[in-house]
Amino acid sequence: MAKPPGLKGTLFTEEEKEIARRENKLLFVSLMTDPVCNLACPDCYVGEKKLNGKELSLAERKKVIDQAVELGAKTLRIAGAGEPLIDKNFWDTTNYAIQKGLHVFLFTNGTEINDDRRARAIVQNKGITAVLKFSGKPEIMDLLTGNKGYFLEEKFVECDGMFIPKYLVLLIEAGMNAKSTGGSRLGIEFLLRKSNYGYCTDIFRWARHNNIVPYVEQNLEAGLALSNNWYLEERVADSDAFALSRRLSEIDEKEFGFKWKPGLPYMVGGICENEVSGCKKYTYNIVVQADGTCTPCYAAYFNLGNVRDRPLKEILRHPIRRQLLEAAEINCLCRVYNRTWPEPKTPEELDQEKDYQPNTW
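Residues in the sequence shown are numbered consecutively from 0, following numbering that gives the first Met the number 0.
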């Protein structure tokens, strides 16, 4: 039984990870772009987006990239305190990283990819892997992004039996999902909610048939999600989420010949490590927030210092990070860590639930 296909730029060997941990180096550096976004997701994990001009400049970003390369980094993950493709320095940052030998791993809501020219700009740059949001029908996308009317039906297109956002179709037509060595270059992010719970298996199958890596997750309980009643009402219980994870793993094994262990969050492709024992990504990753503050991971918000005050090499030696590298467990918002896994419901029990009826598109 084969392992599921991964996303290019996220696939590292266990030996590489162990060397990075032992020698206090990096494989992955995550850079948060400016806090400017065209959506208003009610459960955004970032929360407050105003930095009042304290964002890192392009020159400071380049300095971070230089230091990360010296520490062994192979991939630059670009995600946003806002939407990366709106960030004024996105392309200069991306091109510089690629020139320095890094692969760029981009998280985007996709809405700025609205014509063939912009799609080709991403696809033709072989140094970019992209993950785009796709969590259901237009009305569900409206709900999840807080922009009523933003995801109109005319912005969705039929593709291989599925009604999907046009920005995703543009990348597919331009060849972003073509099979390549070192992993797929196109993924989708499915944020799990009660309102889209029943659509996940259809979207998962569609992604597999089109060589697109599906990333299914529950949102981090941070930012707006902590104070938003909508998120609390929409949140899927751990037992149901785990049962869905198990069902997806069964689909992968029976229909596509891929075997993986269910877990929360569950991603088949390398962004998150879905082992029950817990993710160890913080041992080879560093997150540089938009203002230069460094944390071990998006969910493990321990302040390790600021790149404006000290180089990454010193930040990696921070006492808190050194403790994390040796710790058996840490306090973390991410659902990979230290979970007492609920007893999953059987497929028969799930089929009897109103919110898990087979989807019809």
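Note that beta-carbon positions come from the ideal geometry of N, C-alpha and C, so glycine has one too. This one's a predicted model, so the numbers in the text were calculated from it and none came from an experiment.
Per-residue DSSP class, three states only, for residue i
i, result
"leucine 231", "helix"
"arginine 76", "strand"
"cysteine 293", "strand"
"glutamate 216", "strand"
"isoleucine 187", "strand"
"threonine 93", "helix"
"asparagine 195", "helix"
"leucine 6", "strand"
"methionine 31", "strand"
"alanine 120", "helix"
"phenylalanine 255", "helix"
"methionine 161", "strand"
Bounding residues of the alpha helix (DSSP H) (the contiguous stretch that carries residue i)
i, result
"tyrosine 166", "165-172"
"proline 156", "According to the sequence provided, residue 156 is valine. The question's proline does not apply to it. First-last for valine 156: 155-158, but that is the beta strand (DSSP E), not the alpha helix (DSSP H)."
"phenylalanine 203", "199-208"
"phenylalanine 241", "237-250"
"alanine 58", "57-69"
"glutamate 22", "13-22"
"glutamate 111", "Note, glutamate 111: premise wrong, no alpha helix (DSSP H); not H, not E."
"methionine 140", "137-144"
"leucine 324", "318-325"
"glutamate 313", "311-314"
Alpha carbon of residue i to alpha carbon of residue j, nearest angstrom
i, j, result
"alanine 19", "leucine 151", "46 Å"
"proline 261", "glutamate 252", "12 Å"
"arginine 309", "arginine 21", "21 Å"
"glutamine 217", "serine 194", "13 Å"
"glycine 197", "isoleucine 211", "20 Å"
"isoleucine 77", "glycine 160", "31 Å"
"valine 267", "glycine 186", "Legend: pLDDT at valine 267 = 47, less than 50; position of this residue unreliable, value from coordinates given subsequently. Between valine 267 and glycine 186, the C-alpha separation is close to 10 Å."
"leucine 191", "leucine 57", "34 Å"
"glutamate 122", "aspartate 86", "With the sequence shown as reference, residue 122 is identified as valine, and glutamate is not the correct amino acid for it. About 19 Å."
"asparagine 124", "lysine 61", "19 Å"
"valine 156", "leucine 247", "25 Å"
"glutamate 274", "glycine 304", "Because glutamate 274 sits at a pLDDT of 43, beneath the cut-off of 50, its placement in the model cannot be relied upon, and the point is left open."
"glutamate 82", "leucine 75", "16 Å"
"lysine 99", "glutamine 66", "11 Å"
"glycine 182", "leucine 6", "5 Å"
"proline 3", "proline 318", "36 Å"
"threonine 12", "alanine 289", "29 Å"
"tyrosine 95", "glycine 126", "11 Å"
Residue i, enclosing beta strand (DSSP E) - first and last residue
i, result
"histidine 102", "102-107"
"isoleucine 127", "127-132"
"isoleucine 285", "284-287"
Chain D within 8 Å of residue i, Cβ atoms only
i, result
"serine 226", "No chain D appears in this structure, which consists of one protein chain only."
Rounded Cβ spacing between residue i and residue j (contact assumed at less than 8 Å)
i, j, result
"proline 164", "glycine 109", "6 Å"
"valine 286", "tyrosine 214", "With 8 Å as the limit, valine 286 and tyrosine 214 do not qualify as a contact, their Cβ atoms being about 18 Å apart."
"leucine 38", "asparagine 146", "6 Å"
"phenylalanine 162", "lysine 136", "7 Å"
"proline 41", "leucine 223", "6 Å"
"asparagine 176", "asparagine 209", "6 Å"
"isoleucine 171", "phenylalanine 203", "That belief does not hold up - the Cβ atoms of isoleucine 171 and phenylalanine 203 are roughly 16 Å apart, past 8 Å."
"phenylalanine 257", "alanine 1", "6 Å"
Cβ-based burial, residue i [other Cβ within 10 Å; buried from 16]
i, result
"arginine 307", "exposed"
"tryptophan 90", "exposed"
"proline 295", "buried"
"asparagine 284", "buried"
"arginine 245", "buried"
"leucine 378", "The question about residue 378 has no answer, for the chain in this structure spans 0 to 360."
"asparagine 113", "exposed"
"lysine 178", "exposed"
"threonine 32", "buried"
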